[in-house]
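To start, the structure under review is shown below, and the notes come after it.
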Amino acid sequence: MNPLSMLYHRTRLLLNTLLGTRFNELIWRFRHIYRRGWAEGLITSASHPHRKLLAERISLHAPFRDVLEIGCATGPNLYVLAKTFPNVRYVGIDINPSAIKQGKIFFEKEKINNVSLLTAKADALRFSDKSFDIVFTDAVLMYIGPDKIMQVTEEIQRIARKAIVLVEHHSGEESPIGVNMGKWWLRNYVKLFQPYIRQARCTKITSDVWGGNWSRFGYIIEMEK
């Protein structure tokens, strides 16, 4: 690692420690400002191999009537699911208003009417108890620190009726609170949700599906309530 990269990594680690989840929330909330065209470009990522795998794992929990994605960005996962299960109601939330706006434009253009996108936060879900058959995340909880992870966990289990599906960096050996990896947190999600679930199944993400750290730490974790 060169000196500049080392400085960046240490700075991220320090800010994550000092500011907690607020730091990553700010980065994501204003991502469209410092990365022009990001939200528009993200829509084209619907073809990424992991989204197909995610849809396959979610399909194992059929039948289901309604699905919520927490941290949906522009909605590429919801697009894949809506094409696969067109009679299901989908809701996606994200803290970035530009991503939500671009996602709404995209779904309207594609004439997909069973997907609703809302600007909202994972630790303050304004949905009633057991309001969705399935609640899922994709690379979201790994950016939530110990200061908020328990609150988010409780919110997810509260509104999930049937199953919780996570695409996250997961380790069976780490604590549920997590280990600070600099940009993200590595934790044991099965232990984290254990008080609320009946059983769990973990599918390893392989390098042909997603490379880099995802082939090392990435899992799809399915938990039945």
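If you read the sequence shown in the numbering used here, its first letter stands for residue 5, the second for the next number, and so on. The beta carbon of each residue, even a glycine, is placed where N, CA and C say it ideally should be.
Asked                                                                                                                                                                                         : Found
Please name the residue, chosen from P180, M154, N117 and A164, that lies closest to I138 on a Cα-to-Cα basis.                                                                                : A164
Write down every uninterrupted run of the alpha helix (DSSP H) in the region 175-223 whose length is 4 residues or greater and which is fully enclosed by it, in chain order.                 : 193-197 and 217-221
Quick check: what's the CA-CA separation for W218 versus S175?                                                                                                                                : 12 angstroms
From the DSSP output, in three-state form, read off V156 for me.                                                                                                                              : helix
How far does the alpha helix (DSSP H) with K113 in it extend, from its first residue to its last?                                                                                             : P101 to K113
How many whole angstroms separate the CB atoms of Y200 and Q161, which I take to be in contact at a CB cut-off of 8 angstroms?                                                                : 4 angstroms
Note the first and the last residue of the continuous beta strand (DSSP E) segment covering R165.                                                                                             : A164 to H173
Taking 8 angstroms as the threshold (C-beta atoms), are D127 and E159 in contact?                                                                                                             : yes
Thinking C-alpha only, which one of T157, L170 and K125 is nearest T141?                                                                                                                      : L170
Drop a sphere of 10 angstroms on the beta-carbon of P53, count the other beta-carbons inside from all chains shown, and report buried for 16 or more, exposed for fewer.                      : exposed
Assuming L196 contacts F136 under a Cβ cut-off of 8 angstroms, what Cβ separation, rounded to an integer in Å, is found between them?                                                         : At roughly 19 angstroms, the Cβ-Cβ gap does not stay under 8 angstroms, so L196 and F136 are not in contact.
By the 10 Å Cβ neighbour count, where 16 or more other Cβ atoms means buried, how is G45 classified, buried or exposed?                                                                       : exposed
Of all the options E60, V92, S63 and G41, which has the alpha carbon lying nearest to the alpha carbon of T78?                                                                                : G41
Could you check how far apart the C-beta atoms of L58 and N81 are, in whole angstroms? I think they sit under 8 angstroms.                                                                    : 6 angstroms
Give every residue of the same chain whose Cβ lies closer than 7 angstroms to the Cβ of V213, excluding the five residues on either side of it in the sequence, and list them in chain order. : P53, H54 and L57
DSSP on F136, reduced to helix/strand/coil?                                                                                                                                                   : strand
Kindly indicate which three-state DSSP category V144 falls into: helix, strand or coil?                                                                                                       : coil
Taking its Cβ as the centre, do 16 or more other Cβ atoms sit within 10 Å of R130, making it buried, or is it exposed?                                                                        : exposed
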